[in-house]
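Down below is the structure, laid out as structure tokens.
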Amino acid sequence: MAKYKHYDYSQSVLLPVNLEEQLIPGTLEFAIHTLVETRMDMSIFDDRYCNDETGCRAYDPKILLKIVLLAYSRGIIFSRKIERACKENVTFMAMSCGEQPDHSTIAAFVSSMKDEILPLFRDILLVCEEEDLLGGTFFALDGFRISSNASMESSGKISEFKKKQESIEKRVTQLLEEQMAEDKKDDDDRNDDIPSGMSNRNKQIERLQKAADRIEDFLKENGPKVGKQGKEIQSNITDNESCKMFSSHGAIQGYNAQALVDNKRQVIVNAEVFGDAQDHSLIPPMLDGAKENIKAIGGSEDYFKGKIITADSNYHDPSNLKKCDEEKLDAYIPDKRFRKRDPRFHKEKRQIRGKVGRFNLKDFVYNQDKDEYHCPGGKVLKLRVKKAVVDGVIYKRYGSNREDCIGCELKLKCMRNVKGKGRALSVPIGHVPGNLSKAMAEKIDSEKGRRIYHQRIGIVDPVQANIGTQKCMDHFTLRGKIKVNIQWLLYCIVHNMGKIAVYGFT
Numbered sequence: 049m050a051k052y053k054h055y056d057y058s059q060s061v062l063l064p065v066n067l068e069e070q071l072i073p074g075t076l077e078f079a080i081h082t083l084v085e086t087r088m089d090m091s092i093f094d095d096r097y098c099n100d101e102t103g104c105r106a107y108d109p110k111i112l113l114k115i116v117l118l119a120y121s122r123g124i125i126f127s128r129k130i131e132r133a134c135k136e137n138v139t140f141m142a143m144s145c146g147e148q149p150d151h152s153t154i155a156a157f158v159s160s161m162k163d164e165i166l167p168l169f170r171d172i173l174l175v176c177e178e179e180d181l182l183g184g185t186f187f188a189l190d191g192f193r194i195s196s197n198a199s200m201e202s203s204g205k206i207s208e209f210k211k212k213q214e215s216i217e218k219r220v221t222q223l224l225e226e227q228m229a230e231d232k233k234d235d236d237d238r239n240d241d242i243p244s245g246m247s248n249r250n251k252q253i254e255r256l257q258k259a260a261d262r263i264e265d266f267l268k269e270n271g272p273k274v275g276k277q278g279k280e281i282q283s284n285i286t287d288n289e290s291c292k293m294f295s296s297h298g299a300i301q302g303y304n305a306q307a308l309v310d311n312k313r314q315v316i317v318n319a320e321v322f323g324d325a326q327d328h329s330l331i332p333p334m335l336d337g338a339k340e341n342i343k344a345i346g347g348s349e350d351y352f353k354g355k356i357i358t359a360d361s362n363y364h365d366p367s368n369l370k371k372c373d374e375e376k377l378d379a380y381i382p383d384k385r386f387r388k389r390d391p392r393f394h395k396e397k398r399q400i401r402g403k404v405g406r407f408n409l410k411d412f413v414y415n416q417d418k419d420e421y422h423c424p425g426g427k428v429l430k431l432r433v434k435k436a437v438v439d440g441v442i443y444k445r446y447g448s449n450r451e452d453c454i455g456c457e458l459k460l461k462c463m464r465n466v467k468g469k470g471r472a473l474s475v476p477i478g479h480v481p482g483n484l485s486k487a488m489a490e491k492i493d494s495e496k497g498r499r500i501y502h503q504r505i506g507i508v509d510p511v512q513a514n515i516g517t518q519k520c521m522d523h524f525t526l527r528g529k530i531k532v533n534i535q536w537l538l539y540c541i542v543h544n545m546g547k548i549a550v551y552g553f554t
């Protein structure tokens with residue numbers, strides 16, 4: 049017969065644990081503990097406490113910040129899970145020095161760091177500078193689209209919210225009428241107990257009424273949300289500062305989290321969230337913020353002068369290019385068509401039902417007298433737009449009639465969308481004088497420009513992988529731009545602390 053070691057769950061075990069020995073030098077938790085204790089100015093929290101003479105003793109902000117940063121480094125973002133970790137995980141016990149703050153204390157601490165978060169971020173940035181982790185010559189900017197604590201179902205325009213409110217109130221009225229009809233039934237037809245159907249109806253009425261009241265409260269406090277083009281865009285009842293955007297995971301309701309990264313050790317020098325899905329106007333605030341951060345750690349006013357900055361084609365906008373030019377930055381920000389001009393990305397034209405490629409401009413015949421084009425099928429493309437400017441290039445646009453293209457035998461070779469309104473033809477006729485977009489396109493198309501720009505991926509992508517994948521930052525738990533920005537900066541602090549742990553002190 050087999051013999052096994054005896055075990056007894058009822059026995060008591062005394063485990064001697066030295067908390068300080070759990071924080072091993074060289075680990076991220078040791079770096080968090082040491083940096084918070086010795087390098088971060090935590091006195092900025094003192095003014096919020098008025099318990100020097102009366103009142104209960106408060107948890108030390110050092111303890112709260114340590115456990116929050118440790119939790120974020122391990123992908124734990126919910127305050128209830130952080131509370132549980134402080135009770136069950138030895139490393140969290142060591143970091144909190146045996147204290148066990150509840151989830152409400154942790155959540156309140158994080159969401160109230162509006163004035164303290166930026167100085168804390170700069171404290172860590174200063175350590176990175178002292179540990180020679182900043183190269184200071186090459187920077188890359190990118191945005192991470194992260195889901196907010198808001199539902200896309202709560203999004204819509206003001207007129208849509210009003211219609212939804214009316215629909216809910218109409219349904220509530222209908223349910224109330226049904227309930228009144230039930231109340232009028234004879235006693236013989238009813239049981240003494242409340243029927244389950246009536247109980248469910250009451251819950252449904254209560255739920256719908258709360259939804260209607262919530263919409264009403266939102267409409268009282270908020271008007272139409274206007275976009276940059278002066279048109280109304282969708283609002284969100286849950287978090288109106290977030291916006292609908294498209295990410296690698298599809299459409300989300302979230303924030304555009306920006307990070308400006310130094311290329312030497314991928315240290316983040318500035319970070320901020322924006323409730324704007326587009327990156328067209330984000331370089332000015334990101335550069336201004338980075339300049340303030342560098343000045344705070346002893347850098348000069350012209351720190352970025354002559355330095356290299358790269359960003360993807362989403363940032364190719366006149367306002368962004370102008371800001372880089374004003375700051376004397378050597379910027380490499382391509383337009384949307386830069387890959388089409390790069391021979392390295394040219395591929396063999398695909399076969400379309402035995403025929404090669406689509407017709408391009410050289411396949412159309414121009415009639416100068418009538419200012420029109422004739423397609424290979426003999427149909428006319430008339431002038432539709434005399435002047436259109438795209439990325440500094442001036443175009444004339446010609447178009448055919450839909451009826452001419454419907455029955456054409458060549459439409460599969462001519463049109464991307466065979467059900468479209470007809471073939472459109474954009475003809476370049478010049479460039480805007482002194483346009484920064486044209487100069488940037490020439491710069492990107494050069495051998496040096498292509499070599500420099502493609503280093504961007506090796507600078508920014510590791511940061512996104514570390515924060516998004518390793519530390520599981522795939523959504524924000526707080527609401528409102530201010531609070532969401534706190535969470536984003538905390539994650540960036542953890543990221544920079546990780547760089548210090550690996551490349552800095554031990």
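With positions in the sequence shown counted from 1, the corresponding number in our numbering is that position plus 48.
By construction, the Cβ of each residue, glycine as well, lies at the ideal position given by its N, Cα and C atoms.
All values reported here derive from a predicted model rather than from experimental measurement.
Which of the three DSSP states is assigned to residue i in this structure?
i: Ala305; result: strand
i: Ser474; result: strand
i: Ile165; result: helix
i: Asn483; result: coil
i: Asn3; result: Residue 3 is absent from the model: the chain starts at 49 and stops at 554.
i: Gly204; result: strand
i: Gly506; result: helix
i: Gly402; result: Interpretation of Gly402 is limited by its pLDDT of 42, a score under 50 that renders its predicted location unreliable; no figure is taken from the coordinates.
i: Gly298; result: strand
i: Lys211; result: helix
i: Lys273; result: strand
i: Ala319; result: strand
i: Lys370; result: helix
i: Glu280; result: strand
i: Ile454; result: helix
i: Ser247; result: helix
i: Lys397; result: Low confidence applies here, because Lys397 scores a pLDDT of 44, under 50, leaving its location unreliable; read the following figure in that light. Here Lys397 sits in coil by DSSP.
i: Gly103; result: coil
The beta strand (DSSP E) spanning residue i covers which residue range?
i: Ser295; result: Cys291 to Ser295
i: Glu420; result: Glu420 to His422
i: Asp378; result: Asp378 to Tyr380
i: Arg432; result: Val428 to Val438
i: Asn415; result: Val413 to Asn415
First and last residue of the alpha helix (DSSP H) that includes residue i?
i: Tyr551; result: Lys529 to Tyr551
i: Val557; result: Residue 557 is absent from the model: the chain starts at 49 and stops at 554.
i: Lys459; result: Lys459 to Cys462
i: Pro332; result: Ile331 to Ala344
i: Ile500; result: Glu495 to Tyr501
i: Arg392; result: Note, Arg392: premise wrong, no alpha helix (DSSP H); not H, not E.
Is the beta carbon of residue i less than 9 Å from the beta carbon of residue j?
i: Asp360; j: Phe187; result: no
i: Ile342; j: Val315; result: no
i: Ile165; j: Ile534; result: yes
i: Ser329; j: Asp365; result: yes
i: Thr286; j: Arg504; result: no
i: Leu458; j: Pro510; result: no
i: Val542; j: Ser121; result: yes
i: Leu429; j: Phe412; result: yes
i: Phe192; j: Asn304; result: yes
i: Leu118; j: Leu168; result: no
i: Leu431; j: Lys410; result: no
i: Phe386; j: Asp493; result: yes
i: Arg551; j: Lys519; result: The sequence as given places Tyr at residue 551; Arg does not occur at that position. No; because the gap between Cβ atoms is not below 9 Å, this pair is not in contact.
i: Ile154; j: Ser196; result: no
i: Pro333; j: Glu349; result: no
Report the partner residues of residue i according to the DSSP bridge assignment.
i: Leu189; result: Leu308 and Ala359
i: Lys444; result: Val475
i: Ile194; result: Tyr303
i: His364; result: For His364, which the question treats as bridged, DSSP gives no partner whatsoever.
i: His523; result: Ser195
Every unbroken alpha helix (DSSP H) within the segment 119 to 179, with a cutoff of 4 residues, ordered by chain: 127 to 136, 138 to 143, 151 to 159 and 165 to 178
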